[in-house]
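Taken in sequence, the protein lines are chains S and F.
Position 16 (the first sequence) corresponds to 16 in the working numbering; numbering is contiguous.
Position 263 (the second sequence) corresponds to 263 in the working numbering; numbering is contiguous.
C-beta atoms are modelled at their ideal positions from N, C-alpha and C, and glycine is treated no differently.
Number of protein chains: 2
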Amino acid sequence: MATIYEVAELAGVSLATVSRVINGNQNVSAKTRDKVKDAMNSLQYRPSNVAQSLASNRTQSIGLLLSEVDGPFFGELMGGVEEVLRKANKHLVITPGHFDVKQEQDGIDFLLSRGCDGLILAAEAVDDEYLVELSKKNVPFVVVGRDVAELPERCVCLDNIEGGYVAAKFVIAHGHKHIGYISGTYEKMHTVHRLQGHKKALKEAGIPFEESHVYYGDFKETGGIAGFQALMAERPEITAIICANDELAAGANGIAREMGYKVPEQISLVGYDNNVFTRYMHPKLTTVNHPIREMGAMATHKLLKDVYGIEPKELKYLFQPEVLARETVSKID
Amino acid sequence: MATIYEVAELAGVSLATVSRVINGNQNVSAKTRDKVKDAMNSLQYRPSNVAQSLASNRTQSIGLLLSEVDGPFFGELMGGVEEVLRKANKHLVITPGHFDVKQEQDGIDFLLSRGCDGLILAAEAVDDEYLVELSKKNVPFVVVGRDVAELPERCVCLDNIEGGYVAAKFVIAHGHKHIGYISGTYEKMHTVHRLQGHKKALKEAGIPFEESHVYYGDFKETGGIAGFQALMAERPEITAIICANDELAAGANGIAREMGYKVPEQISLVGYDNNVFTRYMHPKLTTVNHPIREMGAMATHKLLKDVYGIEPKELKYLFQPEVLARETVSKID
DNA sequence: AATCTTCTTGAAAGCGCTTACAATTGTAGC
DNA sequence: GCTACAATTGTAAGCGCTTTCAAGAAGATT
Chain S
1 MATIYEVAEL AGVSLATVSR VINGNQNVSA KTRDKVKDAM NSLQYRPSNV AQSLASNRTQ
61 SIGLLLSEVD GPFFGELMGG VEEVLRKANK HLVITPGHFD VKQEQDGIDF LLSRGCDGLI
121 LAAEAVDDEY LVELSKKNVP FVVVGRDVAE LPERCVCLDN IEGGYVAAKF VIAHGHKHIG
181 YISGTYEKMH TVHRLQGHKK ALKEAGIPFE ESHVYYGDFK ETGGIAGFQA LMAERPEITA
241 IICANDELAA GANGIAREMG YKVPEQISLV GYDNNVFTRY MHPKLTTVNH PIREMGAMAT
301 HKLLKDVYGI EPKELKYLFQ PEVLARETVS KID
Chain F
1 MATIYEVAEL AGVSLATVSR VINGNQNVSA KTRDKVKDAM NSLQYRPSNV AQSLASNRTQ
61 SIGLLLSEVD GPFFGELMGG VEEVLRKANK HLVITPGHFD VKQEQDGIDF LLSRGCDGLI
121 LAAEAVDDEY LVELSKKNVP FVVVGRDVAE LPERCVCLDN IEGGYVAAKF VIAHGHKHIG
181 YISGTYEKMH TVHRLQGHKK ALKEAGIPFE ESHVYYGDFK ETGGIAGFQA LMAERPEITA
241 IICANDELAA GANGIAREMG YKVPEQISLV GYDNNVFTRY MHPKLTTVNH PIREMGAMAT
301 HKLLKDVYGI EPKELKYLFQ PEVLARETVS KID
């Protein structure tokens with residue numbers, strides 16, 4: 001691989017001049033520029049990113065920490081980030097945190113030692129305090145999908161209270177009065193918020209909230225299955241179940257069919273997130289839209305502004321969820 | 001961010017010694033090592049990956065080129081690669097090629113200029129020749145999901161002829177004689193191979209192959225819809241349709257239901273790839289397993305061996321597909 | 001005690017670039 | 001032709017590390 005020295009020599013100029021044409025510096029005469037470009041071409045020269053980074057203290061790359069590299073949710077997030085970055089000619093370094101505090105911290109350390117100019121953190125395991133500490137260290141970053149009170153303008157998130165609220169309201173508007181709720185792990189703030197919005201809608205409708213209408217599981221299909229079984233066994237009056245995410249809803253939908261319940265005729269179902277797979281479900285899942293792709297894109301815009309001064313068209317930190325009415329909620333009286 | 005100089009000074013040793021302890025070199029006395037480690041801790045020192053890379057000409061990272069960063073198929077591939085890399089303490093740099101020749105080439109250039117020690121290429125758009133040229137350039141790489149004849153031991157792929165064969169054989173064994181086939185874009189080798197295997201199975205069973213039983217679409221849900229409509233309109237005797245991938249099958253399944261066909265009672269369906277979403281489908285899709293996660297992992301092992309001399313347990317270049325019998329194929333007579 | 005080894009350590013070059021700053025060239029005005 | 005200034009180019013330091021080579025320290029051997 002040719003280096004800048006060889007290019008300089010072949011073109012008969014100095015290193016500095018070659019560096020200038022690499023970086024599009026205007027203070028180079030057209031003639032010189034052509035000479036250098038010819039030399040670069042004939043040597044098939046490609047600047048070493050590593051050396052550039054060391055010298056300039058900029059890597060032109062953004063680090064993304066997410067929980068897992070597969071899965072529909074994080075896939076969309078990545079897609080949103082990647083698209084914006086690509087247009088800005090910046091690069092993406094991804095590292096998974098696997099829902100684990102230590103791995104998330106290691107991931108952040110890795111991205112930093114890797115010289116990322118800024119970070120996008122979809123961190124779920126580390127606590128707020130850790131992020132607040134990080135923010136004091138002069139590391140540009142933005143958090144996705146989580147609202148750290150001390151860090152406004154650093155968090156891009158979904159209004160989960162509203163999400164829980166609109167889901168419940170939608171079901172109530174369809175005449176349901178006995179509404180089950182399958183929740184994910186309770187520790188997560190977004191779980192708490194969704195349920196909080198749920199309760200708010202019940203209250204507004206004058207429906208008393210009952211703790212026994214709620215099942216707490218993991219965020220997986222299995223949780224949906226277990227939750228459905230438990231709720232229907234103990235509270236058979238339930239006519240609708242709202243799930244804290246789509247995987248739970250998919251699990252519930254599957255077991256409902258197996259147990260002989262007709263969805264939505266006998267039992268209505270609502271998901272959350274609008275994962276891509278919901279369109280392959282039957283009946284098509286009514287769910288709450290979680291615009292994670294747009295949120296990822298927005299987080300990227302914000303970071304691009306902070307780090308490179310690239311001005312975004314608009315900036316928005318709180319996204320509003322809405323119900324996507326499809327086929328799993330029926331009207332009853 | 002502290003540098004190695006500061007650590008050296010605080011510990012009262014030279015740069016070289018600090019470097020040795022960073023790299024776990026054995027020729028450092030325990031006492032010195034401790035001094036250095038203490039200094040590193042108290043300064044919160046973290047070596048600069050960039051500087052290390054420049055000096056050592058190794059970045060400890062592997063580049064992965066794939067078509068898209070979201071989507072179940074590539075998600076699983078990434079997952080497989082990432083897991084193996086993480087265990088080997090190497091890092092992953094991902095770049096998407098978006099099914100486009102230019103973007104794939106740029107992606108490879110990027111990964112190279114980025115100093116990746118080796119590449120994993122799930123390249124679909126660039127031609128074989130390009131890869132053969134690349135192989136002459138002393139760049140360690142392995143190709144996933146594609147068999148370049150000139151590059152044995154560099155390609156990890158699925159036996160797609162066998163895949164097409166077992167799918168057709170499975171359907172034939174269930175008594176079907178009029179079998180439709182929804183194919184993806186014909187230019188891709190794996191498409192050709194799958195259809196080739198399909199024909200082989202027909203031939204063995206004494207069923208004449210008819211060109212009008214095949215529909216060529218894209219690889220998306222839309223192709224499945226269009227294909228299903230076209231095939232059923234023109235060849236209503238068809239009782240089973242084999243699709244070149246799961247998305248096509250999902251499309252076919254959806255439109256079948258809409259058109260009032262019962263799957264599998266009236267029409268049987270087979271997919272290909274075993275994407276994760278197939279488990280959310282109803283009825284659950286009978287499909288051909290494509291162990292892309294394992295293939296990604298295997299490609300990574302091979303590269304780890306070539307680049308860093310890490311010996312893998314086993315190496316395997318050709319994976320065998322098999323039919324996962326679920327709920328979309330019925331027995332007829 | 002003198003010599004030979006083996007361990008540890010340090011000095012210094014260099015990885016391929018960027019970027020002040022200095023030097024040179026070119027241009028315009030007189 | 002000369003000066004003043006702008007445009008262009010070059011010099012050289014330095015980014016933070018690795019690594020070769022040599023030197024010094026400590027043990028082993030006679």
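Legend entry - residue 103/F versus residue 96/F - alpha carbon distance: Within the second sequence, residue 103/F is the residue found at index 103, counting from 1. Within the second sequence, residue 96/F is the residue found at index 96, counting from 1. Residue 103/F and residue 96/F: Cα-Cα distance of roughly 8 Å.
Legend entry - Below-7 Å beta-carbon distance, residue 119/F vs any chain S residue: For the purposes of this step, residue 119/F is identified with residue 119 of the second sequence, where counting begins at 1. Residue 119/F does not count as touching chain S.
Legend entry - the stretch 59 to 78 of chain S contacting the stretch 53 to 71 of chain F, beta-carbon criterion three pairs below 8 Å: Yes, the stretch 59 to 78 of chain S touches the stretch 53 to 71 of chain F.
Inset, instruction - Consult DSSP for residue 113/S and reduce its assignment to one of helix, strand or coil. - result: As a working note, residue 113/S is residue 113 in the first sequence. Annotated three-state conformation of residue 113/S is helix, per DSSP.
Inset, instruction - Grab me the residues of residue 40/F's own chain with a C-beta within less than 7 Å of its C-beta, minus the 5 sequence neighbours each way, in chain order. - result: For the purposes of this step, residue 40/F is identified with residue 40 of the second sequence, where counting begins at 1. Around residue 40/F: 7.
Inset, instruction - Give a yes or no on whether the minimum CB-CB distance between residue 228/S and chain F is below 7 Å. - result: Taking the first sequence and counting its residues from 1, one reaches residue 228/S at position 228. By this cut-off, residue 228/S is not an interface position.
Legend entry - Rounded separation between residue 232/F and residue 259/F - CA only: As a first step, residue 232/F is located in the second sequence; it is residue number 232 there, counting from the start. As a first step, residue 259/F is located in the second sequence; it is residue number 259 there, counting from the start. Cα-Cα distance, rounded: 10 Å.
Legend entry - Contact between the stretch 173 to 191 of chain F and the stretch 232 to 245 of chain F (3+ Cβ pairs under 8 Å): With the cut-off at 8 Å, the stretch 173 to 191 of chain F and the stretch 232 to 245 of chain F touch.
Legend entry - Pairwise C-alpha distance: residue 60/F and residue 54/F: Locating residue 54/F in the second sequence gives position 54, where the first residue counts as 1. Locating residue 60/F in the second sequence gives position 60, where the first residue counts as 1. If you draw a straight line from the Cα of residue 54/F to the Cα of residue 60/F, it comes to about 12 Å.
Legend entry - Beta-ladder partner(s) of residue 180/S, from DSSP: In the first sequence, counting from the first residue as 1, residue 180/S sits at position 180. Its beta-bridge partners are 241/S.
Inset, instruction - Please go through the same chain and pick out, in chain order, the residues whose beta-carbon is closer than 8 Å to the beta-carbon of residue 148/S, but skip the five residues on each side of it. - result: Looking up residue 148/S in the first sequence gives position 148. Once the five neighbours on either side are set aside, the close Cβ partners of residue 148/S are 128, 131, 132, 154, 155.
Inset, instruction - Can you grab the Cα-Cα spacing for the pair residue 47/S / residue 10/S, in whole Å? - result: The count along the first sequence starts at 1 and reaches residue 47/S at position 47. The count along the first sequence starts at 1 and reaches residue 10/S at position 10. Residue 10/S has its alpha-carbon roughly 16 Å from the corresponding atom of residue 47/S.
Legend entry - C-alpha distance - residue 391/F paired with residue 50/S, whole-angstrom precision: Outside the displayed range of chain F (1 to 333) lies residue 391/F, so it cannot be described from this structure.
Inset, instruction - Leaving aside the five residues before and after residue 299/F along the sequence, list all residues of the same chain whose C-beta is less than 6 Å from its C-beta, in chain order. - result: Stepping through the second sequence from its first residue, residue 299/F is reached at position 299. Cβ neighbours of residue 299/F beyond the five flanking positions: 120, 142, 144, 156.
Inset, instruction - Check whether the Cβ atoms of residue 283/S and residue 263/S sit closer than 7 Å, and answer yes or no. - result: Walking along the first sequence from the start, residue 283/S turns up at place 283. Walking along the first sequence from the start, residue 263/S turns up at place 263. Yes.
Legend entry - Straight-line Cα distance separating residue 160/S from residue 223/S: On the first sequence, position 223 is the one that residue 223/S refers to. On the first sequence, position 160 is the one that residue 160/S refers to. Between residue 223/S and residue 160/S, the C-alpha separation is close to 20 Å.
Inset, instruction - In the DSSP assignment, find the alpha helix (DSSP H) that holds residue 215/S and state where it starts and stops. - result: As a working mapping, residue 215/S is identified with position 215 in the first sequence. Looking at the DSSP string, residue 215/S is not in any alpha helix (DSSP H); the run it does join, the beta strand (DSSP E), is 214 to 216.
Legend entry - Residues near residue 219/S in its chain [Cβ-Cβ closer than 8 Å; skip 5 each side]: For the purposes of this step, residue 219/S is taken as residue 219 along the first sequence, with counting starting at 1. For residue 219/S, where only same-chain residues beyond five positions count, the Cβ hits under 8 Å are 184, 185, 244, 245, 247, 248.
Inset, instruction - Rounded to whole angstroms, what's the CA-CA distance from residue 187/F to residue 217/F? Just pull it up for me. - result: The sequence position of residue 187/F within the second sequence is 187, counting from 1. The sequence position of residue 217/F within the second sequence is 217, counting from 1. Each residue's Cα considered, the two are about 11 Å apart.
Inset, instruction - Please state if the CB of residue 267/F and the CB of residue 250/F are separated by a distance shorter than 7 Å. - result: On the second sequence, residue 250/F is found 250 positions in, with the first residue counted as 1. On the second sequence, residue 267/F is found 267 positions in, with the first residue counted as 1. A distance of 7 Å or more separates the beta carbons of residue 250/F and residue 267/F.
Inset, instruction - Pick helix, strand or coil for residue 143/S, following the three-state DSSP scheme. - result: Against the first sequence, residue 143/S aligns to sequence position 143. Residue state, collapsed to three classes: strand.
Inset, instruction - From the DSSP output, in three-state form, read off residue 57/F for me. - result: For the purposes of this step, residue 57/F is taken as residue 57 along the second sequence, with counting starting at 1. DSSP places residue 57/F in coil when its eight states are reduced to three.
Legend entry - Cα-Cα separation between residue 272/S and residue 333/S, rounded to whole angstroms: Sequence index remark: in the first sequence, residue 272/S carries index 272 (1-based). Sequence index remark: in the first sequence, residue 333/S carries index 333 (1-based). Their backbone Cα atoms lie some 25 Å apart in a straight line.
Inset, instruction - Leaving aside the five residues before and after residue 197/S along the sequence, list all residues of the same chain whose C-beta is less than 8 Å from its C-beta, in chain order. - result: Reading the first sequence from its first residue, position 197 is the one you call residue 197/S. Excluding sequence neighbours, residue 197/S sits near 160, 161, 162, 163, 164, 165, 166, 167, 168.
Legend entry - C-beta neighbour in chain S for residue 213/F, strict 7 Å: For this step, residue 213/F is matched to residue 213 along the second sequence. Contacts with chain S at 7 Å (Cβ-Cβ) do not include residue 213/F.
Legend entry - residue 321/S, buried or exposed, once every other Cβ within 10 Å from all chains shown has been counted against 16: As a first step, residue 321/S is located in the first sequence; it is residue number 321 there, counting from the start. With 16 or more other Cβ atoms within 10 Å, it is buried.
Legend entry - Under the three-state DSSP convention, the category residue 273/F falls into: Numbered from its first residue, the second sequence carries residue 273/F at position 273. Strand, per DSSP.
Inset, instruction - Could you have a look at residue 344/F and say whether DSSP puts it in helix, strand or coil? - result: The shown model of chain F, from 1 to 333, leaves out residue 344/F, and the question about it has no answer.
Legend entry - Where residue 280/F meets chain S, residues with beta-carbon distance less than 7 Å: What you label residue 280/F is simply residue 280 of the second sequence in a count that begins at 1. Taking the beta carbon of residue 280/F as reference, the chain S residues within 7 Å of it are 250, 277, 280, 281, listed in sequence order.
Legend entry - DSSP state of residue 62/F mapped onto helix, strand, coil: For the purposes of this step, residue 62/F is identified with residue 62 of the second sequence, where counting begins at 1. The three-state secondary structure of residue 62/F, taken from DSSP, is strand.
Inset, instruction - Could you confirm whether any beta carbon from chain S is found closer than 7 Å to the beta carbon of residue 326/F? - result: Here residue 326/F corresponds to residue number 326 of the second sequence, with the count starting at 1. Taking Cβ atoms only, chain S never reaches closer than 7 Å to residue 326/F, which makes this a no.
Legend entry - chain F contact residues for residue 341/S, given Cβ-Cβ distances below 8 Å: The requested residue 341/S is not part of the displayed model; chain S covers only 1 to 333.
Inset, instruction - Grab me the residues of residue 200/F's own chain with a C-beta within less than 6 Å of its C-beta, minus the 5 sequence neighbours each way, in chain order. - result: Position 200 of the second sequence holds residue 200/F. Closer than 6 Å at the Cβ level, and outside the excluded window around residue 200/F, lie 165.
Legend entry - residue 291/S versus 93/S, 31/S, 81/S, residue with shortest Cα-Cα distance: What you label residue 291/S is simply residue 291 of the first sequence in a count that begins at 1. Residue 291/S has its Cα closest to that of 81/S, out of 93/S, 31/S, 81/S.
Legend entry - Beta-carbon contacts of residue 107/F that lie in its chain and below 8 Å, excluding the five residues immediately before and after: Locating residue 107/F in the second sequence gives position 107, counting from the first residue. Hits under 8 Å: 65, 95, 96, 97.
Inset, instruction - Give a yes or no on whether 7 Å exceeds the smallest Cβ distance from residue 138/F to chain S. - result: Within the second sequence, the letter at position 138 stands for residue 138/F. No, residue 138/F lies away from the interface with chain S (no Cβ there is under 7 Å from its Cβ).
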